[in-house]
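If you read the sequence shown in the numbering used here, its first letter stands for residue 3, the second for the next number, and so on.
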Amino acid sequence: HIFLFKLFKPKQVSLRVLLWKNFKQTNLSLKPPTFGLNFTDDPKFKNKDFMLLCGFEKFDRFFVRIDILERLFIHIIKSNTEKIKEVKIVPEMLNLLGCSKENFIKLVKCMDYQSFIKENEVFIKYVPKKTPKKNKRKNIIDNPFSVLNQLNIK
């Protein structure tokens, strides 16, 4: 993603939506979410490409405005000054997104965070999923440059 804050203003989003609908000539009934909405799990917003055009990133069934995600991650980074890698969920995070604590926990799970309770408070911790390493060797037969191996250049 390239994040340009000024492109998320209502007039710019409306212009992008108009141009997108004109170009695609489909989904003309789609409307952007209400301006000021930061988080939604409304099932009427299904088109991931359209929502991305409106400035929302998809996480499972949730959509979150990209600029709000940036603010959330800045808040998480700043609150983790002790390098414990545990971040306490505070009301400011929930207010920033405008969602319930349950939805917030489901959302951060989609972003590879684990939630846990410690001293009657809810904390999150980043635990990235380990992906197996892929074999980098490609099939030489399908390679269009494999004929170069047959050249005798000295």
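Think of the CB as a built atom: it goes at the ideal place given N, C-alpha and C, for glycine as much as any other residue. Predicted, not measured: the structure shown is a model, and the values here were computed from it.
Open item on the list: As an exercise, report each continuous beta strand (DSSP E) stretch of at least 3 residues that is fully enclosed by the region 92-137, in chain order.
Closed with: 115-120, 123-128
Open item on the list: So, at 6 Å on beta carbons, what are the nonlocal neighbours of Gln116 in its own chain, with the 5 sequence-adjacent residues on each side left out?
Closed with: Lys127, Val129
- [ ] Quick one: using the 10 Å Cβ neighbour count with 16 as the cut-off for buried, is Asn40 buried or exposed?
- [x] Asn40 is buried by the Cβ-count criterion.
Open item on the list: As a quick exercise: from Val110, Asp144, Lys26, pick the residue whose alpha carbon is nearest that of Phe52.
Closed with: Lys26
Task: Distance between Glu72 and Ile119 (C-alpha atoms, nearest Å) - done: 25 Å
TODO: Measure from the alpha carbon of Val75 to the alpha carbon of each residue in Leu55, Lys33, Leu98, then state which is nearest.
DONE: What sits at residue 75 in the sequence shown is Phe, not Val. Comparing Cα-Cα distances from Phe75 to each of Leu55, Lys33, Leu98, the minimum goes to Leu98.
Task: Arg63 - DSSP class collapsed to helix/strand/coil - done: coil
Task: Phe61 vs Arg67 beta-carbon contact at 8 Å - done: no
Task: DSSP-derived helix/strand/coil call for Lys161 - done: Residue numbering for the chain in the displayed model covers 3 to 156; residue 161 lies beyond these limits and cannot be assessed.
TODO: Would you mind sorting Phe65 into buried or exposed? The rule is 16 or more other CB atoms within 10 Å of its CB.
DONE: buried
Task: Identity of the residue in Thr133, Arg63, Lys135 nearest Lys111 by Cα - done: Arg63
Task: Which residues DSSP lists as bridging Glu88, in chain order - done: Lys127
Task: Phe75 - partner residues in DSSP beta bridges - done: For Phe75, which the question treats as bridged, DSSP gives no partner whatsoever.
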